[in-house]
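Q:
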Amino acid sequence: MKRITLAAVIFSVSLAAVSPALSQSEPNQIQRNRIATSASALKQGNLLFDSGKYGEAIKAYTIAVEQSGSNAQHIQARLARSRAYVLATVYGSPGYDNYDQAVGSAIADCIRVINLEPKNPAGYTCRGFAYSYLSQSEAAFADFNRAIELAPNDPNGYFERGYAYYKSNNPDRAIVDFSQVIKLKPQFADAYYFRGINYTYKKPVDALGANLDFSQAIKLDPTQVRYYDARGKLRNDSKDYQGTIADYTKVIQLAPSANVYSDRGFAFAALGKNDAAIADYNQAIRLVPKHLKAYYGRGLVRAKRGDKKGAMSDFRQAQLNYREMMGEGNFDKPEYQQILNAIKQLQGDGI
Numbered sequence: 019m020k021r022i023t024l025a026a027v028i029f030s031v032s033l034a035a036v037s038p039a040l041s042q043s044e045p046n047q048i049q050r051n052r053i054a055t056s057a058s059a060l061k062q063g064n065l066l067f068d069s070g071k072y073g074e075a076i077k078a079y080t081i082a083v084e085q086s087g088s089n090a091q092h093i094q095a096r097l098a099r100s101r102a103y104v105l106a107t108v109y110g111s112p113g114y115d116n117y118d119q120a121v122g123s124a125i126a127d128c129i130r131v132i133n134l135e136p137k138n139p140a141g142y143t144c145r146g147f148a149y150s151y152l153s154q155s156e157a158a159f160a161d162f163n164r165a166i167e168l169a170p171n172d173p174n175g176y177f178e179r180g181y182a183y184y185k186s187n188n189p190d191r192a193i194v195d196f197s198q199v200i201k202l203k204p205q206f207a208d209a210y211y212f213r214g215i216n217y218t219y220k221k222p223v224d225a226l227g228a229n230l231d232f233s234q235a236i237k238l239d240p241t242q243v244r245y246y247d248a249r250g251k252l253r254n255d256s257k258d259y260q261g262t263i264a265d266y267t268k269v270i271q272l273a274p275s276a277n278v279y280s281d282r283g284f285a286f287a288a289l290g291k292n293d294a295a296i297a298d299y300n301q302a303i304r305l306v307p308k309h310l311k312a313y314y315g316r317g318l319v320r321a322k323r324g325d326k327k328g329a330m331s332d333f334r335q336a337q338l339n340y341r342e343m344m345g346e347g348n349f350d351k352p353e354y355q356q357i358l359n360a361i362k363q364l365q366g367d368g369i
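If you read the sequence shown in my numbering, its first letter stands for residue 19, the second for the next number, and so on.
Below, the structure is given as structure tokens:
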């Protein structure tokens with residue numbers, strides 16, 4: 019039997035600390051066990067990530083990194099953990115409090131991937147994603163450009179660069195990149211959604227282009243609330259209130275909230291469907307008792323019906339809610355002035 023010296027053990031432990039991937043000399047069963055453990059942890063991390071539990075996902079991905087049985091598995095786990103670090107910082111995550119170091123850890127994971135495989139575009143896309151959330155636009159675009167240079171037929175680099183252009187208020191460049199994503203991956207619903215969003219940011223707004231893109235995103239993935247919500251807002255702005263109601267009704271079926279009830283109530287009111295409007299405003303207030311827009315909207319409908327006392331009560335409550343939520347520094351804003359004007363108009367009518 020070959021003798022294993024203490025020096026050899028120390029060397030193997032140090033090597034493992036540098037890269038968890040196993041060497042070919044390790045027993046096959048041990049390697050298979052690690053691959054299985056890493057794969058299981060990666061799967062668990064993905065489920066947690068998709069549920070928005072980024073802190074817990076980071077823990078699972080860390081196990082996947084530490085137990086990885088091959089470079090490919092190691093890289094996959096680090097890329098996943100990097101994105102979880104960034105989103106934990108952006109959106110927060112219960113039980114996770116290491117926000118100060120999270121984005122730095124994300125970049126470190128990406129650098130490790132780049133060091134292992136310098137020509138893997140995913141490492142640069144990964145790091146660019148982290149830089150973009152640090153508002154380091156120059157570094158982010160440099161990484162996205164490098165990723166695209168390495169893999170010009172990979173939609174991921176264009177998608178991330180398009181998103182960075184979107185966040186940088188450059189809708190024209192964003193539209194070009196999302197169009198390239200669609201060309202390379204026509205079934206990618208999010209590419210249509212984000213191109214549609216950027217059409218709404220153009221001046222003038224390209225309402226037709228946005229509507230077509232939101233509709234295509236819905237066709238490809240009818241489960242995404244934000245697709246219906248975006249199209250509903252667009253239709254509302256275009257005064258297509260029937261379309262607005264249809265989209266917000268779908269949002270309510272998928273993910274009911276006070277805001278969407280209030281927004282649908284506005285559309286009902288615009289069509290003169292006052293009973294339906296008040297029912298929606300009532301539901302919004304039940305869900306969020308200090309919902310500013312719902313009180314204001316219900317007040318408008320009550321005033322239209324001649325219920326001036328009910329309208330005044332709602333406008334006063336909207337005024338109180340605004341003062342509590344926004345503070346004195348915002349009393350000159352148009353939203354507050356709208357409420358005051360509604361109150362003054364009723365007072366002029368003798369209320």
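For glycine and all other residues, C-beta sits at the position ideal for the given N, C-alpha and C. Remember, it's a predicted structure, so these values are computed and weren't measured experimentally.
Which runs of the alpha helix (DSSP H) spanning at least 4 residues fall entirely within the stretch 167-233, listed in chain order?
A: If we require 4 residues or more, the alpha helix (DSSP H) runs fully inside the stretch 167-233 come out as 173-185, 189-202 and 207-219.
Q: Going by Cα to Cα distance, which pick from 119, 173, 329 and 179 is closest to residue 202?
A: Here the closest residue by C-alpha is 173.
Q: Which same chain residues end up closer than 8 Å to residue 166 when comparing Cβ atoms and leaving out the 5 residues on each side of it in sequence?
A: For residue 166, where only same-chain residues beyond five positions count, the Cβ hits under 8 Å are 139, 172, 175, 176 and 179.
Q: Which residue spans inside the stretch 251-339 form an unbroken alpha helix (DSSP H) run of at least 4?
A: Here the runs fully enclosed are 259-272, 276-288, 292-305 and 310-323.
Q: When we look at the beta-carbon of residue 74 and count the other beta-carbons within 10 Å, is it buried (16 or more) or exposed?
A: Buried is the call here.
Q: Residue 85: buried (16+ other C-beta within 10 angstroms of its C-beta) or exposed?
A: When all chains shown are included, residue 85 counts as buried.
Q: Checking 9 Å against the spacing of the C-beta atoms, do residue 181 and residue 104 come in under that value?
A: Not in contact: residue 181 and residue 104 (Cβ atoms no closer than 9 Å).
Q: Indicate whether residue 251 and residue 281 have their beta-carbon atoms separated by less than 9 Å.
A: Contact: yes.
Q: Drop a sphere of 10 angstroms on the beta-carbon of residue 141, count the other beta-carbons inside from all chains shown, and report buried for 16 or more, exposed for fewer.
A: Per the 10 Å Cβ criterion, buried.
Q: Note the first and the last residue of the continuous alpha helix (DSSP H) segment covering residue 241.
A: Residue 241 -> no alpha helix (DSSP H), and no H or E assigned at all.
Q: According to DSSP, simplified to helix, strand and coil, what is residue 79?
A: Reduced to three states, the DSSP call for residue 79 is helix.
Q: According to DSSP, is residue 362 part of a helix, a strand, or is it coil?
A: DSSP places residue 362 in helix when its eight states are reduced to three.
Q: Would residue 189 be called buried (16 or more neighbouring beta carbons within 10 Å of its own) or exposed?
A: It counts as buried.
Q: Just to confirm before moving on: does the CB-CB distance between residue 274 and residue 230 stay below 9 Å?
A: No.
Q: Which of the three DSSP states, helix, strand or coil, is assigned to residue 97?
A: It is helical.
Q: Near residue 148, which residues of its chain fall below 7 Å by C-beta distance, leaving aside the five closest residues on each side in sequence?
A: Closer than 7 Å at Cβ, skipping near neighbours: 100, 104, 121, 124, 125 and 128.
Q: Quick one: residues in its chain with C-beta nearer than 6 Å to the C-beta of residue 55, no 5 flanking neighbours on either side, listed in chain order?
A: So the qualifying residues of the chain are 85.
Q: For the alpha helix (DSSP H) containing residue 62, name the first residue and the last one.
A: Counting along the chain, the alpha helix (DSSP H) containing residue 62 begins and ends at 46-68.
Q: So, helix, strand or coil for residue 103, using DSSP?
A: It is helical.
Q: Between the C-alpha atoms of residue 192 and residue 160, what's the straight-line distance to the nearest angstrom?
A: Approximately 16 Å between the Cα atoms of the pair.
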